[in-house]
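Worksheet for the structure shown next.
Number of protein chains: 2
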Amino acid sequence: MQTPHGSVETPAFMPVGTQGAVKGVTHRDLDDLGAQIILGNTYHLFLRPGDGLIARAGGLHKFIGWDRPILTDSGGYQIFSLADRRRVSEDGAEFQSHLDGSRHLLTPERATDVQAQLGSDIAMVLDECIATPADDTAARAAMERSVRWAGRARRRLLQLRGDDPDPAVTVTNPGQAQFGIIQGGVHHALRTESVQATVEIGFEAYAIGGLSVGEPPEVTYDLVGHTAPQLPEDRPRYLMGSGMPDDLIECVARGVDLFDCVLPTRNARNGQLLTRTGPIAIRNTRYAEDPAPPDPGCGCYTCRHFSRAYLRHLYVAREMAAATLNTLHNLYFYLDTMRAVRKAIMSGTFDKLRSEFHQTFSRRSQH
Amino acid sequence: MQTPHGSVETPAFMPVGTQGAVKGVTHRDLDDLGAQIILGNTYHLFLRPGDGLIARAGGLHKFIGWDRPILTDSGGYQIFSLADRRRVSEDGAEFQSHLDGSRHLLTPERATDVQAQLGSDIAMVLDECIATPADDTAARAAMERSVRWAGRARRRLLQLRGDDPDPAVTVTNPGQAQFGIIQGGVHHALRTESVQATVEIGFEAYAIGGLSVGEPPEVTYDLVGHTAPQLPEDRPRYLMGSGMPDDLIECVARGVDLFDCVLPTRNARNGQLLTRTGPIAIRNTRYAEDPAPPDPGCGCYTCRHFSRAYLRHLYVAREMAAATLNTLHNLYFYLDTMRAVRKAIMSGTFDKLRSEFHQTFSRRSQH
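Encoded structure:
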């Protein structure tokens, strides 16, 4: 995948840098880990420090000192999951900041403007997120509104790119791509309709939204297997917010190219470390004197230098190094898995990797 | 200075790794920064995870995965500053853990045993710390008790080193050195007596304790200037718990070789960054759109890559990266200052460096 800040090998996992930083690590760590692209959250950056300030600094890349690709979401998901007192109308989503209660309106156009000011390499359209499970009527209404919003977002971007841009909006990355988002809940027919209508509008590429929101993995896999193959073959397909390592493997098998998820970083801060056989909870007493690294087969900095006993001590003692070392390990696990997946695809051995992965990995905690 | 885990160029600054980790950074960062020795706190490690567990892991170096020199304090200072309900008698210091209220007795012998089990390269004797300012009577009593305790600690170490060690104590670093500590408050005569009595007992080297505890800098400098020159010239002299960068320069001028201090790391977590002209408080609104690095003349990772505006955002947003990037900078400032000091001493230009440093540096916050 080509972007104004360089290319990304796919399938790729994007670490989440919510407020312009991936929690627990520095950009240098991300470089060392081989992260080729990170994700920033428009909702957070819009509220603090603000897209205007970031635009005046020359855009998000310059502001945060990261010169590789960045994808920003639209802010919609956080409005539905984090903001206070949200009210959604055809115009857009009104909400109160979870930080200071200030009131804001995010429309499809405004979400496009904010991301134009941030200057991410990939911007997402604002879509309507709804609680799941939703009945067919609610899912249809949200899907159809998302399509209308997608159209408005696209028109706005084309205006910003064109001869009559808005002087109030500083486009800090003229090569920014915009991805449409497929909605439709767990309903196959709605997903198909959403694909057709969204592809008809025409975006640089497309994402599958509204999944990985608590439904069982088989439901995710089924809907991804239904939706991804309908999306243009020559464009990257992005499954938003997913998932555990086995989810990534299964969704790659169904045609997905891009993933993002807070699990490796958030779980690291909660003391959950991934291994080839599954996650372990490092606070467990059984690790108090365990001299083995978290995952004996792992080549990350943490596993090459530190024991479970030390990592447990750091976690129990609430040392910052616990979060850092655990995050380094979990991100390495994700990024290294994706490296192995890419290599296997190139050499025609992906099916073998997929079956071997499932033979050893269990998403249930190991102890 | 030679130790079982390699040599240390002096004068040296030792970052404080209280619980077996320097807050905000990883060992790899410390390597990159050029830290040649770190300090561990016996009080904390004794309570959690315990010197027994660390001894079974092969000692502190193995347990924490750090193979360069480590100095451990005796635990005395934390008993006086952190523990609950302490009671000091000739036998030792009884206290309750600040973690769980459990009761413990730390005697000069026990402090020696604990550090023998930790296996640091340099162990400190248990001394009696008192509140300052103390009158001559209280200061004399504490100094004389510290001398008696130093004698007991030395006898215990020689026993552990000798033919009749205690089978209950695992000596994990047979080459461990033990430093005596000079006390005597702000009283010149008491300091001199303490030097004579402590040197008479005979240790590998000596530290100046009981300073940097809130007295004005001129008082510190005066007492260091009085005490340090009386200590053996062929042994490193360690000023415990000091200080700001200008303190280090002034005390090097008075003959000190080793320093430790929590200020660079603690202040970093509180958003205070050191510059050639003095500390700045990064949360200040004036930095909200400041594209300059914290210290334009600095070569650290933080200054080479990030702006004050970004660091302020990270601090205000309470991102972990704020603590990490600020700590990297402040430690670099200390370690780089000590590198410059060593170089100046070798080339005979220390007086010039000292006067230039004071011309630009003010310990008062710059804004």
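Top line first, the protein sequences correspond to chains A and B. Read left to right, the first sequence gives residues 1 to 367 (my numbering). Read left to right, the second sequence gives residues 1001 to 1367 (my numbering). The C-beta atom is built at its ideal place from N, Cα and C for all residues, glycine as well.
Cβ-Cβ distance between residue i and residue j below 8 Å
i, j, result
"residue 1067 of chain B", "residue 1118 of chain B", "no"
"residue 60 of chain A", "residue 1289 of chain B", "no"
"residue 1258 of chain B", "residue 1029 of chain B", "no"
"residue 282 of chain A", "residue 266 of chain A", "no"
"residue 12 of chain A", "residue 37 of chain A", "yes"
"residue 1224 of chain B", "residue 1239 of chain B", "yes"
"residue 1024 of chain B", "residue 1317 of chain B", "no"
"residue 122 of chain A", "residue 227 of chain A", "no"
"residue 1254 of chain B", "residue 1361 of chain B", "no"
"residue 120 of chain A", "residue 181 of chain A", "no"
"residue 294 of chain A", "residue 302 of chain A", "yes"
"residue 1363 of chain B", "residue 1244 of chain B", "yes"
"residue 204 of chain A", "residue 178 of chain A", "yes"
"residue 145 of chain A", "residue 128 of chain A", "yes"
"residue 1116 of chain B", "residue 1160 of chain B", "yes"
"residue 1014 of chain B", "residue 1260 of chain B", "yes"
"residue 1273 of chain B", "residue 1326 of chain B", "yes"
"residue 147 of chain A", "residue 89 of chain A", "no"
"residue 185 of chain A", "residue 132 of chain A", "yes"
Rounded C-alpha distance that separates residue i from residue j
i, j, result
"residue 372 of chain A", "residue 246 of chain A", "Outside the shown range of chain A (1 to 367) lies residue 372 of chain A, about which nothing can therefore be said."
"residue 1365 of chain B", "residue 1251 of chain B", "22 Å"
"residue 1199 of chain B", "residue 315 of chain A", "42 Å"
"residue 183 of chain A", "residue 1016 of chain B", "52 Å"
"residue 1334 of chain B", "residue 1019 of chain B", "21 Å"
"residue 355 of chain A", "residue 1312 of chain B", "47 Å"
"residue 1234 of chain B", "residue 1006 of chain B", "18 Å"
"residue 1237 of chain B", "residue 1073 of chain B", "15 Å"
"residue 1062 of chain B", "residue 1336 of chain B", "28 Å"
"residue 321 of chain A", "residue 125 of chain A", "37 Å"
"residue 1165 of chain B", "residue 1107 of chain B", "18 Å"
"residue 1409 of chain B", "residue 1201 of chain B", "With chain B covering only 1001 through 1367, there is no way to say anything about residue 1409 of chain B."
"residue 170 of chain A", "residue 22 of chain A", "26 Å"
"residue 110 of chain A", "residue 346 of chain A", "41 Å"
"residue 1353 of chain B", "residue 1338 of chain B", "11 Å"
"residue 26 of chain A", "residue 1296 of chain B", "20 Å"
"residue 1101 of chain B", "residue 1048 of chain B", "13 Å"
"residue 33 of chain A", "residue 331 of chain A", "7 Å"
"residue 1256 of chain B", "residue 1099 of chain B", "35 Å"
"residue 1104 of chain B", "residue 1167 of chain B", "21 Å"
"residue 1086 of chain B", "residue 1207 of chain B", "24 Å"
Residues bridged to residue i (per DSSP)
i, result
"residue 1016 of chain B", "B:1039"
"residue 1071 of chain B", "B:1039, B:1122"
"residue 1273 of chain B", "B:1280"
"residue 87 of chain A", "A:94"
"residue 225 of chain A", "None, per the DSSP bridge assignment."
"residue 178 of chain A", "A:123"
"residue 1297 of chain B", "In DSSP, residue 1297 of chain B forms no bridge with anything."
"residue 104 of chain A", "A:95"
"residue 1345 of chain B", "In DSSP, residue 1345 of chain B forms no bridge with anything."
"residue 1206 of chain B", "B:1180, B:1237"
"residue 53 of chain A", "Paired residues: none, contrary to the question."
"residue 1170 of chain B", "None; residue 1170 of chain B has no bridge partner."
"residue 1259 of chain B", "B:1013, B:1239"
"residue 1076 of chain B", "In DSSP, residue 1076 of chain B forms no bridge with anything."
"residue 2 of chain A", "A:7"
Proximity test, residue i beta-carbon vs the ligand SAH heavy atom, cut-off 7 Å
i, result
"residue 252 of chain A", "As far as ligands go, the structure on display features none, and thus does not contain the ligand SAH."
>> Counting only Cβ-Cβ distances shorter than 8 Å, please list the residues of the segment 1053-1069 of chain B near chain A, keeping chain order.
In response: 1053, 1056, 1057, 1063, 1064, 1065
>> Please identify, using Cβ separations under 9 Å, the residues of the segment 1262-1281 of chain B that lie next to chain A, in order along the chain.
In response: 1269
>> For the structure I just gave you, are there three or more beta carbon pairs, one from the segment 1028-1043 of chain B and one from the segment 1073-1086 of chain B, closer than 8 Å?
In response: yes
>> Beta carbons nearer than 7 Å to chain B: which residues of the segment 10-24 of chain A have them?
In response: 19, 20, 21, 23, 24
>> Using a Cβ distance threshold of 8 Å, determine whether the segment 1126-1146 of chain B contacts the segment 1187-1199 of chain B, with at least three qualifying pairs required.
In response: yes
>> Count Cβ pairs between the segment 1149-1162 of chain B and the segment 1207-1214 of chain B that sit closer than 8 Å; are there 3 or more?
In response: no
>> For the segment 286-307 of chain A, list every residue whose C-beta sits within 8 Å of some C-beta in chain B, in sequence order.
In response: 288, 289, 291, 301, 305, 306, 307
> Are the segment 1089-1107 of chain B and the segment 1163-1180 of chain B touching, with three or more C-beta to C-beta distances below 8 Å?
Replying inline: no
> Using a Cβ cut-off of 8 Å, which residues of the segment 1176-1209 of chain B contact any Cβ in chain A, in chain order?
Replying inline: none
> Going along the chain, which residues of the segment 1114-1140 of chain B sit with their C-beta nearer than 9 Å to a C-beta in chain A?
Replying inline: none
> Going along the chain, which residues of the segment 331-359 of chain A sit with their C-beta nearer than 8 Å to a C-beta in chain B?
Replying inline: none
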